[in-house]
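Okay, structure first, notes after.
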Amino acid sequence: MKSTGAQAIVKSLQAEGVEVVFGYPGGVVLPLFDALYDADGIRTILTRHEQGATHAADAYARVSGRVGVVAVTSGPGAANTVTGIANAYMDSVPLVVITGQVATHVLGTDAFQETDITGITIPITKHNYLVDDAADIPEIMAEAFHIASTGRPGPVLIDVPVDMFRAEIAYRFPERISLPGYKPTVKGHVKQIKEAASLVSKARKPLLYIGGGVLASNAAKELKELAELMQLPVVTTLMGKGAFPEDHHLYTGMPGMHGGKFTNYAITETDLLFAIGVRFDDRVTGKLATFATKAKVVHVDIDPAEIGKNRGVDVPIVGDARSVIAGVIERLRKMNAQPRTDAWMRVIDDWRARFPFHYHASETSIMPEYVVERVRELTKDRPTIYCTEVGQNQMWACQYLRIREPRTWASSGGLGTMGFGLPAAIGAQLARPDHLVIDIAGDGSIQMNSQELATAVINKLPVKVVILNNGYLGMVRQWQELFYDRRYSSSTLPQDCPDFVKLAEAYGALGLRATTPAELDDALLRAFEHDGPAVVDVRVEREENVFPMVAPGGSIDEMLGGIPGGPVSEMLDGELLEEVWE
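Using the working numbering, read the sequence shown as starting at 17 and increasing by one per residue.
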């Protein structure tokens, strides 16, 4: 069957089961958008910026478990996707980004809107293509989706010159893919799995350290089975939130720079750190030389490059998290291994009780932590997906929300991209239309992509934005207060510029404001019950800080702020602790 290159791309998208394409048209990509115009089963979402398109596709992928798809034009259109592609790359999110390109006969001549987007994105894509023969399009499309979604997921870019879109080819979607150099290891080595199970069975102070790899492999069920089988406390990174229910008695919080004191103390004292789908990020480990020094380390990851990259490992296991966890469970059952963590859990519970997240409540000022608590309480009985911007708002969301199910949390981790939250909420809403979708935002971060309110309104996507408006670039200001003698250089944002209520109304959304604690619940409930997009401008205490906090380069057991107590080495006494050390 004869097809143009553009039609071949659309047919390939249909063959892959793609239902949504996010993008923005322009000159050289018009043949593709023309082919999308009447494509059965595919909804094209016109965002208001190409960065918004990539973030929306990113969150769509996180929430749905499918590949997110983006289509944009050449030059500035392609360049505007770079931040979103880098964000997906850092967080291992499967995307296929299709960029238009100038015609092949003018490539390299600095033609109008020519940009070497394949060259630009080499460091931030899992793989990329420049199409030089339209006949290759079906095969390239199949490969792109396979590469993006298997092994360690990530973004793949396909750059298509306009004459390749227009060229006629004999379309045939490949029945199988041949990539001899690409064979991700799925099953872990049997010997290493046995060794891991043996260490788990003997450990007195074990800890499961869980990251986004567990979610990527859909291993939440197996993780919960393992944790409950051996009564293992579980900590999850920002990327791992939702992999284990946060209302479970074994859940031990988020570690690292703004993690709980009780969580960081547990890591400091553990004798077995069972790390699955994590990369020992600096925001978790703090000073590497003092991170989990008493522990043997088991590290499971599908990407062999991550194992041993930052932290020495005693038992390395390359493989898919779901397969490896299932193997460890099977081995433990054969061994008839029994839990040995009762005393250890009592220590952790003691720390949890003594050093909870806390803040000073006020009857006149709205504390940002209180806002997140109220969002949590008002949504606890309905299916909800939480997205965040980046900054203090993100950390308060991490600390005070309770994520109970996989794929109900979308936040920018490795890249820390301001402006992620609103387009992410749009993508999440399209992926799960039956869920309430809330973006916890800051007044600085929301302005990076606030134009996407138009996308939400026009597409009737009832996303809710809750802005913690403190009139600052909050995390920047916090660092300036703590480390730069309160010299607030370029970090002040007037709370009334813009007027977020009027901005929401200008786009056709519901705009609300809360300035006192008494007004907060009414504003939130009105927003959550509204049948369209809504923005709640919450005027919060301006100079509230996110605590606890590990100072840059510091050890995670030595934290600023929070309830006093520590470092952990000063607290290890008493009968309760002696039970673990016997």
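Even for Gly, the Cβ is constructed at its ideal location relative to N, Cα and C.
Taking the CB atoms as reference points, tell me whether residue i and residue j lie closer together than 8 Å.
i	j	result
residue 231	residue 427	no
residue 21	residue 153	yes
residue 299	residue 322	no
residue 238	residue 341	yes
residue 69	residue 26	no
residue 12	residue 489	The structure shown does not extend to residue 12, since the chain is modelled only from 17 through 598, so no value can be given for it.
residue 430	residue 106	yes
residue 537	residue 394	yes
residue 460	residue 558	no
residue 74	residue 103	yes
residue 94	residue 60	no
residue 24	residue 185	yes
residue 330	residue 314	yes
residue 399	residue 246	no
residue 177	residue 117	yes
residue 390	residue 248	no
residue 411	residue 434	no
residue 201	residue 334	yes
residue 79	residue 136	no
residue 533	residue 382	yes
residue 123	residue 134	no
residue 183	residue 150	yes
residue 453	residue 413	no
Name the residue from the options whose alpha carbon lies nearest to the alpha carbon of residue i.
i	options	result
residue 181	463, 391 and 51	51
residue 571	142, 284 and 171	284
residue 257	73, 579 and 417	417
residue 311	215, 245, 397 and 252	215
residue 384	373, 362, 409 and 403	409
residue 113	356, 415, 34 and 195	34
residue 448	468, 473, 466 and 479	479
residue 405	399, 371 and 441	441
residue 512	555, 474, 207 and 491	555
residue 462	516, 219 and 220	516
residue 170	143, 245 and 185	143
residue 138	508, 175 and 201	175
residue 288	225, 269 and 252	225
residue 223	210, 149, 252 and 472	252
residue 371	361, 151, 146 and 579	579
residue 547	378, 188, 388 and 451	451
residue 243	188, 124, 227 and 266	266
residue 100	173, 49, 166 and 149	173
residue 211	413, 382 and 348	348
residue 473	525, 467 and 564	525
residue 560	545, 386 and 581	386
residue 574	485, 351 and 280	280
residue 324	550, 339 and 297	297
residue 57	375, 568, 320 and 28	28
residue 543	481, 168 and 523	481
Write down the C-beta distance between residue i and residue j rounded to the nearest angstrom, noting that I regard them as a contact closer than 8 Å.
i	j	result
residue 260	residue 367	Rounded, the Cβ-Cβ distance is 19 Å, inconsistent with contact.
residue 229	residue 292	7 Å
residue 456	residue 402	7 Å
residue 190	residue 155	5 Å
residue 81	residue 234	7 Å
residue 336	residue 364	Rounded, the Cβ-Cβ distance is 29 Å, inconsistent with contact.
residue 72	residue 302	The pair is not a contact, with the Cβ atoms about 33 Å apart (cut-off 8 Å).
residue 527	residue 535	The pair is not a contact, with the Cβ atoms about 14 Å apart (cut-off 8 Å).
residue 286	residue 221	5 Å
residue 46	residue 77	That belief does not hold up - the Cβ atoms of residue 46 and residue 77 are roughly 26 Å apart, past 8 Å.
residue 503	residue 496	6 Å
residue 36	residue 446	5 Å
message: Could you tell me which whole beta strand (DSSP E) segments of length 3 or greater appear in the stretch 171–220?
response: 171–177 and 184–186
- prompt: What are the uninterrupted segments assigned as beta strand (DSSP E) that are 3 or more residues long and contained completely in the stretch 109–158, given in chain order?
  reply: 111–117 and 143–146, all fully within the stretch 109–158.
query: At which residue ranges does the stretch 412–472 contain complete beta strand (DSSP E) runs of 3 or more residues, listed in the order of the chain?
result: Within the stretch 412–472, the complete beta strand (DSSP E) runs of at least 3 residues are 452–458.
- request: Starting from the N-terminal side, write out each stretch of the beta strand (DSSP E) that is 3 residues or longer and does not extend beyond the stretch 218–252.
  value: 222–226 and 250–252
- request: Would you list, in sequence order, the uninterrupted beta strand (DSSP E) runs of no fewer than 3 residues that lie entirely inside the stretch 268–320?
  value: 288–292 and 312–317
- request: Please go through the stretch 317–402 and give each complete beta strand (DSSP E) segment of 3 or more residues, from N-terminal end onward.
  value: 331–334
- prompt: Residue ranges of each beta strand (DSSP E) run of no fewer than 3 residues wholly in the stretch 67–100, ordered along the chain?
  reply: 84–88
- prompt: Are the stretch 260–275 and the stretch 198–207 touching, with three or more C-beta to C-beta distances below 8 Å?
  reply: Segments in contact, no.
query: Do the stretch 85–104 and the stretch 60–68 meet, that is, are 3 or more Cβ pairs less than 8 Å apart?
result: yes
message: For a minimum of 4 consecutive residues, which ranges assigned as the alpha helix (DSSP H) are wholly contained in the stretch 492–569?
response: Taking 4 residues as the minimum length, the alpha helix (DSSP H) runs contained wholly in the stretch 492–569 are 516–523 and 533–545, in order along the chain.
task: Just list the beta strand (DSSP E) runs in the stretch 24–65, keeping only unbroken ones of 3 residues or longer that don't cross its boundaries, in chain order.
output: Within the stretch 24–65, the complete beta strand (DSSP E) runs of at least 3 residues are 36–40 and 59–62.
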